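J.:
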Amino acid sequence: MQRIAIIGAGMAGLTVAHILKDVAEVVLFEKSRSVGGRMATRYADPFHFDHGAQFCTAKSSAFQQFLQPLLKQNAIARWDACFVELEYNKVKREYQWGADYPHYVGTPGMNAIGKYLAQGLTIYLNTHIKKIIDHHHKWQIVNDKNENLGAFEWVITTAPPAQSVVFFPEIFSHFNALNSNKMEGCFSLMLGFEKALPLQWDAALVRGADISWISVNSSKPGRKNDFTLIVNSSNAWAEKHINSDHEVVKSYLCDATSNIIGYDVTQANHIALHRWRYANIHDNPLTTESKPLMIDRQHKLAACGDWLDKGRIEAAFSAGYTLAHQIKSNIEIKP
Ligand SMILES: Cc1cc2nc3c(=O)[nH]c(=O)nc-3n(C[C@H](O)[C@H](O)[C@H](O)COP(=O)(O)OP(=O)(O)OC[C@H]3O[C@@H](n4cnc5c(N)ncnc54)[C@H](O)[C@@H]3O)c2cc1C
3 MQRIAIIGAG MAGLTVAHIL KDVAEVVLFE KSRSVGGRMA TRYADPFHFD HGAQFCTAKS
63 SAFQQFLQPL LKQNAIARWD ACFVELEYNK VKREYQWGAD YPHYVGTPGM NAIGKYLAQG
123 LTIYLNTHIK KIIDHHHKWQ IVNDKNENLG AFEWVITTAP PAQSVVFFPE IFSHFNALNS
183 NKMEGCFSLM LGFEKALPLQ WDAALVRGAD ISWISVNSSK PGRKNDFTLI VNSSNAWAEK
243 HINSDHEVVK SYLCDATSNI IGYDVTQANH IALHRWRYAN IHDNPLTTES KPLMIDRQHK
303 LAACGDWLDK GRIEAAFSAG YTLAHQIKSN IEIKP
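Quick look at the structure:
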């Protein structure tokens, strides 16, 4: 059996692994201490926060089918949020999410999706890949401690492009295209309160502000009762302040949130900040088509992730799904 190394255990990497595990020996390498990538949950008891992806939708039948077992096993549930669109602090539109267009969240946290998908897979956590070396027509994987982690026929990176180009072989025929994908940052502010704020909505898309999203994390199904808010900065604001002092960013985002929702959030019992250096691909509304797949059959190297399309969980799934099926047919033809 051929050996395939997958770098990154987010939605894209886990999807690729599930499709290829029947035809190859698949090993995932993940630099974090847990799986799921940007589908992440932060614990600060008694408060829990989904400080990365907030929810996912499933437009394609392939993704709807993929999610069925997770729904059955309660790893995900529908979040019927009262959703508003705000123009700064004014409600412009309000509607209830429901069964007609389901919005799913991991339960009891977004990280439950990665944990569910990781079952039965071989995954090395806390493993930061630094080099991939050509060795007798195989690829040798090397971590940041200079340890050799084995030889593989295929290597597929699902790390964000800026992180992939650090370790991926330049001989990869899509190297320049990979390198040209620029992602934008985002700050996530986590606020925990002993006493709930009387907000009239569960989730708000915010326009005309340096904040793009505010949600009542504790309104999602399967969460603890303690009242929590998640605030995301806009990508544009984050890009300008990506290296700013975290206390300054925290204080700015707290003030901006207070002005929008009309409550002083500096009174929260818990305030924390997370910086996502590579949060989303810049979404060009004029581009409707996803980018071509990056498979180099000659060198048996490939790259994929949400950045091939819209910077969403479903895009990460679709990229991994399509790429893995193409590689699978290649392996099946030439074992
Ligand atoms: C704040 C925020 C809010 C979001 N909200 C939503 C939302 O509401 N709905 C939605 O659909 N999407 C949302 N997204 C986007 C969504 O999270 C992503 O589209 C999706 O999770 C990307 O999956 P992926 O597998 O492509 O990448 P990732 O999840 O980033 O996985 C890549 C993995 O590679 C690992 N890695 C990187 N470098 C190395 C290395 N050298 N060695 C080993 N491992 C490495 C990383 O640790 C990571 O786990 C949000 C993202 C952020 C940051």
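In my numbering, the protein residues as written are 3 to 337.
For glycine and all other residues, C-beta sits at the position ideal for the given N, C-alpha and C.
All of these numbers come straight from a predicted model, not from anything done at the bench.
To which residues of the same chain is residue 181 closer than 7 Å at the C-beta, ignoring the five residues directly before and after it?
T.: Correct list, in chain order: 163, 167.
J.: Mind reading off the beta-carbon distance from residue 378 to residue 259? Whole number of angstroms is fine, and I expect it under 8 Å.
T.: For the chain, the structure presents residues 3 to 337; residue 378 sits outside this window and is missing.
J.: Which residue wins for smallest C-alpha separation from residue 229, given the options 240, 198, 244?
T.: With distances taken between Cα atoms, residue 229 lies closest to 198.
J.: Rounding to the nearest angstrom, what Cα-Cα distance links residue 327 and residue 251 in this structure?
T.: Cα to Cα, residue 327 sits roughly 43 Å from residue 251.
J.: Under three-state DSSP, which class holds residue 50?
T.: Note: residue 50 maps to strand in three-state DSSP.
J.: Please indicate yes or no: does the CB of residue 74 lie closer than 6 Å to some heavy atom of ligand 1?
T.: Outside the cutoff, so no.
J.: By alpha-carbon positions, which one of 234, 178, 149 ends up nearest to residue 186?
T.: Looking at the Cα atoms, 234 is the closest of the given residues.
J.: Would residue 32 be called buried (16 or more neighbouring beta carbons within 10 Å of its own) or exposed?
T.: Under this definition residue 32 is a buried residue.
J.: Is residue 13 helix, strand or coil when you go by DSSP?
T.: Residue 13: helix per DSSP, three-state reduction.
J.: With a threshold of 7 Å between beta-carbons, can residue 97 be considered close to chain C, or not?
T.: The structure shown contains no chain C, having only a single protein chain.
J.: Can you determine whether any heavy atom of ligand 1 sits closer than 6 Å to the C-beta of residue 57, and answer yes or no?
T.: Yes, since a heavy atom of ligand 1 falls inside the 6 Å radius drawn around the Cβ of residue 57.
J.: Along the chain, where does the alpha helix (DSSP H) containing residue 181 start, and where does it finish?
T.: Counting along the chain, the alpha helix (DSSP H) containing residue 181 begins and ends at 177-181.
J.: Using a threshold of 7 Å, state whether the C-beta atoms of residue 5 and residue 154 are closer than that.
T.: Yes, Cβ-Cβ distance for residue 5 and residue 154 is below 7 Å.
J.: Whose CA, out of 84, 281, 117, lies closest to the CA of residue 220?
T.: Closest option to residue 220, Cα to Cα, is 84.
J.: Among 205, 194, 261, 225, which has the Cα closest to the Cα of residue 273?
T.: The option with the nearest alpha carbon to residue 273 is 194.
J.: Just to confirm, is the Cβ distance from residue 55 to residue 69 under 7 Å?
T.: Not a contact, by the Cβ cut-off of 7 Å.
J.: Would you mind sorting residue 93 into buried or exposed? The rule is 16 or more other CB atoms within 10 Å of its CB.
T.: With fewer than 16 other Cβ atoms within 10 Å, it is exposed.
J.: Can you round the beta-carbon distance between residue 100 and residue 82 to whole angstroms, since I take them to be within the 8 Å contact cut?
T.: Between residue 82 and residue 100 the Cβ distance is about 5 Å, and since that is below 8 Å, they are a contact.
J.: Would you kindly check if the distance between the Cβ of residue 53 and the Cβ of residue 44 is under 7 Å?
T.: In contact: residue 44 and residue 53 (Cβ atoms closer than 7 Å).
J.: Can you give me the start and stop residues for the beta strand (DSSP E) that residue 188 sits inside?
T.: Per DSSP, residue 188 belongs to the beta strand (DSSP E) from 185-195.
J.: Taking the alpha carbon of residue 37 as the reference point, which residue from 67, 241, 115, 109 has its own alpha carbon closest?
T.: The option with the nearest alpha carbon to residue 37 is 115.
J.: CB-CB under 7 Å to residue 169, same chain, minus the five flanking residues each way: which ones, in chain order?
T.: So the qualifying residues of the chain are 131, 132, 133, 134.
J.: Let's see if you can read the secondary structure: which residues bound the beta strand (DSSP E) around residue 144?
T.: Residue 144 -> beta strand (DSSP E) spans 140-145.
J.: Around the C-beta of residue 50, are 16 or more other C-beta atoms found within 10 angstroms, so that it is buried, or is it exposed?
T.: Buried, since its Cβ has 16 or more Cβ neighbours within 10 Å.
J.: Between residue 23 and residue 210, what straight-line distance do the alpha-carbon atoms span, to the nearest angstrom?
T.: Cα to Cα, the separation comes out at about 46 Å.
J.: Can you tell me whether DSSP reads residue 263 as helix, strand or coil?
T.: Three-state DSSP puts residue 263 in a helix.
J.: By DSSP, does residue 155 sit in helix, in strand, or in coil?
T.: In the structure shown, residue 155 sits in coil (DSSP, three-state: anything other than H, G, I, E or B).
J.: Do you know whose CA, among 90, 277, 109, 160, lies nearest residue 296's CA?
T.: Among 90, 277, 109, 160, the Cα nearest to that of residue 296 belongs to 160.
J.: Between the Cα of residue 307 and those of 325, 300, 299, 298, spot the shortest distance and give me the residue it belongs to.
T.: Comparing Cα-Cα distances from residue 307 to each of 325, 300, 299, 298, the minimum goes to 325.
J.: Should residue 238 go down as buried or exposed, given a rule of 16 or more other Cβ atoms within 10 Å for buried?
T.: Exposed is the call here.
J.: Taking the alpha-carbon of residue 16 as reference, which of 227, 86, 123, 247 has the nearest alpha-carbon?
T.: Considering only alpha carbons, the answer is 123.
J.: Under a Cβ-count criterion, where at least 16 other Cβ atoms within 10 Å of its own Cβ denotes burial, should residue 90 be classed as buried or exposed?
T.: It is exposed - the Cβ of residue 90 has fewer than 16 other Cβ atoms within 10 Å.
J.: Tell me whether residue 269, by its Cβ, gets closer than 6 Å to a heavy atom of ligand 1.
T.: Because no heavy atom of ligand 1 lies under 6 Å away, the Cβ of residue 269 does not count as near it: no.
J.: Residue 18 to residue 323, Cα distance in whole Å?
T.: Whole-angstrom Cα-Cα distance: 6 Å.
J.: Compute the Euclidean distance between the alpha carbons of residue 128 and residue 117, then round it to the nearest angstrom.
T.: Going by the C-alpha atoms only, they are around 15 Å apart.
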